[in-house]
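Enquirer: Residue numbers (this note's numbering), protein chains in the order written: chain A, 431 to 739; chain B, 431 to 739.
This is how it looks when you write it as structure tokens:
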């Protein structure tokens with residue numbers, strides 16, 4: 431039985447192995463993913479992003495339990511190296527995770543964050559596709575919200591949740607960092623802390639300023655994920671957003687946008703590989719040397735390689 | 431007189447205009463940059479990365495003043511939307527910046543962080559090249575350290591400074607986030623706070639574990655940038671690292687590595703543009719539709735477009 435068949439039959443170890451192979455960017459793994467692609471497109475992909483200290487891993491864990499109570503299967507992909515899902519867990523976190531680990535309907539995976547960002551974004555997208563084909567009905571992608579790269583990864587989701595916490599002093603930073611534009615839902619977690627209502631008001635005030643018409647207005651919800659408070663309301667809001675995407679036709683628009691971005695990225699990569707196979711490596715090395723010595727600039731080098739390659 | 435000539439003659443407004451044109455990715459601006467390229471390669475490029483709250487902008491401002499006292503000209507490129515260099519300044523910051531703003535030997539520039547990461551990394555690299563050709567002897571590139579994308583940007587520097595502060599509770603996060611591998615120098619800023627020595631010990635302990643032989647061991651320095659304390663020692667360490675890079679041949683290795691990465695990225699981009707000009711847009715759109723409908727996967731679409739394009 432092929433790895434693809436094993437994944438489609440629900441073999442957890444096969445799914446885990448395929449994701450590892452994809453992380454290492456193996457050709458065979460890419461072929462397997464091509465075969466699985468027809469079986470994707472069914473999961474609700476939810477990006478969850480926020481700074482460390484906002485408790486977003488706890489929120490994801492509690493949401494996973496809520497979805498399980500509602501009879502849905504869950505995938506979790508973590509791109510945060512400090513997340514408990516990545517093994518960087520305090521004891522309390524680990525106990526909370528154990529409950530999920532024992533549930534075979536939940537699949538957790540953390541992505542290695544070594545290597546370059548393009549590779550990380552691609553591997554994360556690949557892992558989501560595997561879990562989608564594997565039959566997970568909702569897939570959470572957890573990222574640290576501070577970086578542009580993480581925003582890129584979150585953009586691949588159907589629904590983006592931005593998590594804040596009172597007293598971190600960076601409500602406005604999140605907004606300035608461009609998260610306002612990608613958020614479909616704001617969660618002020620640790621809402622039992624002082625300043626939670628102020629955080630909510632600040633976010634609502636920013637949303638009031640948003641002049642885009644006829645669009646989904648992101649709800650701002652309060653949770654205390656550590657005590658399971660407010661979680662059901664978040665799950666409801668996620669479902670409402672999915673319903674909105676479908677009814678408004680934006681679901682289709684997002685799917686097309688994602689497909690186009692993926693196609694362009696893979697095209698660029700394959701065209702480059704093709705050219706690199708044709709160009710003698712000594713010629714390429716000489717071009718790089720000339721660039722390092724400032725004898726030639728990148729545009730000139732590119733023209734020569736494309737013309738002569 | 432062309433924009434290139436104006437920049438080479440030291441016209442600040444011309445340099446600022448060229449960077450803006452490059453941010454918008456104009457063809458003409460790219461041609462101007464090609465002409466300037468021969469005049470680059472002289473500046474010491476210093477990446478400064480760290481979470482918000484570490485005071486890295488204040489550190490950069492104080493380092494800029496120190497380099498001025500040493501008779502060097504300074505460029506500052508900020509990729510942090512919350513940095514005072516980007517206008518997001520508290521009053522105290524603004525007063526500190528004013529001193530720099532009045533000094534025409536200092537050129538400050540913040541990059542717009544909208545748009546995609548690839549574009550941001552490219553525009554930042556372009557801005558550094560302009561300031562290098564413009565004659566700035568040291569160029570600081572300030573990024574928020576939390577994201578993989580920022581790490582990518584910092585990698586383009588000759589010397590990478592990772593800034594921490596005691597009590598933020600994320601010493602270990604910085605280490606886990608892969609910053610240990612790219613740091614050439616650690617600065618524990620706000621060292622008058624409790625826990626500074628603990629932060630230093632934690633970093634030194636991590637460095638002790640690093641088994642790579644015959645390499646530069648990143649010094650761990652304490653500063654109180656707000657009061658100008660420890661700044662001269664950081665400037666000295668930056669100079670030592672530059673001397674080390676030159677003496678060990680790594681300067682040349684880094685320059686080659688950067689040239690190669692730039693060449694590959696531009697090649698991929700140009701090859702994609704060439705193909706997109708040849709492929710009828712209706713055909714491309716149909717391919718994207720088929721992908722969104724899961725009738726075809728990206729690898730198959732790529733093969734068909736390259737074969738038939």
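Ideal Cβ positions, reconstructed from N, Cα and C, are used throughout, including at glycine.
Since this is a predicted model, take the numbers as computed values, not measurements.
#1: Which residues in chain A have a C-beta closer than 8 Å to the C-beta of residue 717 of chain B? List them in chain order.
#2: Could you list which residues in chain A have their beta carbon closer than 8 Å to that of residue 460 of chain B, in chain order?
#3: With a threshold of 7 Å between beta carbons, is residue 732 of chain B in contact with chain A?
#4: What residue ranges within the segment 630-696 of chain A form continuous beta strand (DSSP E) runs of no fewer than 3 residues, ordered along the chain?
#5: From what residue to what residue does the alpha helix (DSSP H) around residue 714 of chain B run?
#6: Determine whether the beta carbon atoms of residue 615 of chain B and residue 591 of chain B lie at a separation below 7 Å.
#7: Among B/448, B/462, B/596 and B/573, which residue has its Cα nearest to the Cα of residue 587 of chain B?
#8: Thinking C-beta only, is residue 594 of chain A closer than 7 Å to residue 618 of chain A?
#9: Between residue 519 of chain A and chain B, is the shortest Cβ-Cβ distance under 7 Å, so that the two count as touching?
#10: According to DSSP, simplified to helix, strand and coil, what is residue 706 of chain B?
#11: Consider the Cβ of residue 702 of chain A: report whether some Cβ of chain B lies at a distance smaller than 7 Å.
#12: Could you pull the start and end residues of the beta strand (DSSP E) that residue 472 of chain A belongs to?
#13: Can you find the residues in the same chain that come closer than 8 Å, C-beta to C-beta, to residue 651 of chain B, ignoring five residues on each side of it along the sequence?
#14: For a cutoff of 7 Å on Cβ pairs, would you count residue 467 of chain B as touching chain A?
#15: Leaving out five residues on either side along the sequence, give the residues of the same chain with a beta carbon under 8 Å from the beta carbon of residue 536 of chain A.
#16: Since residue 732 of chain A contacts residue 700 of chain B with CB under 8 Å, what's their CB separation in whole angstroms?
#17: If the cut is a Cβ gap below 8 Å, which residues of chain B does residue 736 of chain A touch?
#18: Quick one: residues in its chain with C-beta nearer than 6 Å to the C-beta of residue 596 of chain B, no 5 flanking neighbours on either side, listed in chain order?
#19: When the cut-off is 7 Å and only beta carbons count, does residue 471 of chain A lie next to chain B?
#20: Helix, strand or coil for residue 453 of chain B? Go by DSSP, reduced to three states.
#21: Can you tell me the Cα-Cα spacing of residue 446 of chain A and residue 462 of chain A, whole angstroms?
#22: Touching or not, the segment 712-730 of chain B and the segment 679-693 of chain A, by the rule of three or more beta carbon pairs under 8 Å?
#23: Among A/638, A/557 and A/532, which has the Cα closest to the Cα of residue 540 of chain A?
#24: Which term fits residue 433 of chain B, buried or exposed, when burial requires 16 or more other beta carbons within 10 angstroms of its beta carbon?
#25: If you draw a straight line from the alpha carbon of residue 646 of chain A to that of residue 725 of chain A, how long is it in whole angstroms?
#26: Nearest-angstrom Cα distance between residue 550 of chain B and residue 460 of chain B?
#27: Indicate the three-state DSSP secondary structure (helix, strand or coil) for residue 539 of chain B in the structure shown.
Expert: Put simply:
#1: What residue 717 of chain B touches in chain A: 693.
#2: Near residue 460 of chain B (Cβ distances below 8 Å), the residues of chain A are 729.
#3: Yes, its Cβ sits closer than 7 Å to a Cβ of chain A.
#4: You should have 650-652.
#5: Boundaries of the alpha helix (DSSP H) harbouring residue 714 of chain B: 711-722, taken from the DSSP string.
#6: Taking a C-beta distance under 7 Å as the contact criterion, residue 615 of chain B and residue 591 of chain B qualify as a contact pair.
#7: Looking at the Cα atoms, B/573 is the closest of the given residues.
#8: Result yes, Cβ atoms of residue 618 of chain A and residue 594 of chain A sit closer than 7 Å.
#9: Because the pLDDT of residue 519 of chain A is 48, which lies under 50, any placement of that residue in the model is unreliable, and the question is left without a value.
#10: In the structure shown, the three-state DSSP call for residue 706 of chain B is helix.
#11: With 7 Å as the cut-off, residue 702 of chain A counts as an interface residue toward chain B.
#12: Segment: none, residue 472 of chain A is in no beta strand (DSSP E) and carries neither H nor E.
#13: Cβ within range, chain order: 615, 616, 617, 618, 660, 663, 664 and 667.
#14: With 7 Å as the cut-off, residue 467 of chain B counts as an interface residue toward chain A.
#15: Closer than 8 Å at Cβ, skipping near neighbours: 494, 498, 503, 504, 505, 506 and 530.
#16: That pair is a contact at about 5 Å.
#17: Neighbours of residue 736 of chain A on chain B, chain order: 697, 700, 701 and 704.
#18: Closer than 6 Å at the Cβ level, and outside the excluded window around residue 596 of chain B, lie 623, 625, 626 and 629.
#19: Yes - at least one Cβ of chain B is within 7 Å of the one on residue 471 of chain A.
#20: Note: residue 453 of chain B maps to helix in three-state DSSP.
#21: Cα to Cα, the separation comes out at about 13 Å.
#22: Yes, since at least three Cβ pairs between the segment 712-730 of chain B and the segment 679-693 of chain A fall closer than 8 Å, the two stretches touch.
#23: Residue nearest to residue 540 of chain A within the set A/638, A/557 and A/532 is A/557 (criterion: CA-CA distance).
#24: Counting the other Cβ atoms within 10 Å of the Cβ of residue 433 of chain B gives 16 or more, which makes it buried.
#25: Roughly 53 Å between the two C-alpha positions.
#26: Straight-line spacing of the CA atoms in residue 550 of chain B and residue 460 of chain B works out to 15 Å.
#27: In the three-state scheme derived from DSSP, where H, G and I count as helix and E and B as strand, residue 539 of chain B is classed as strand.
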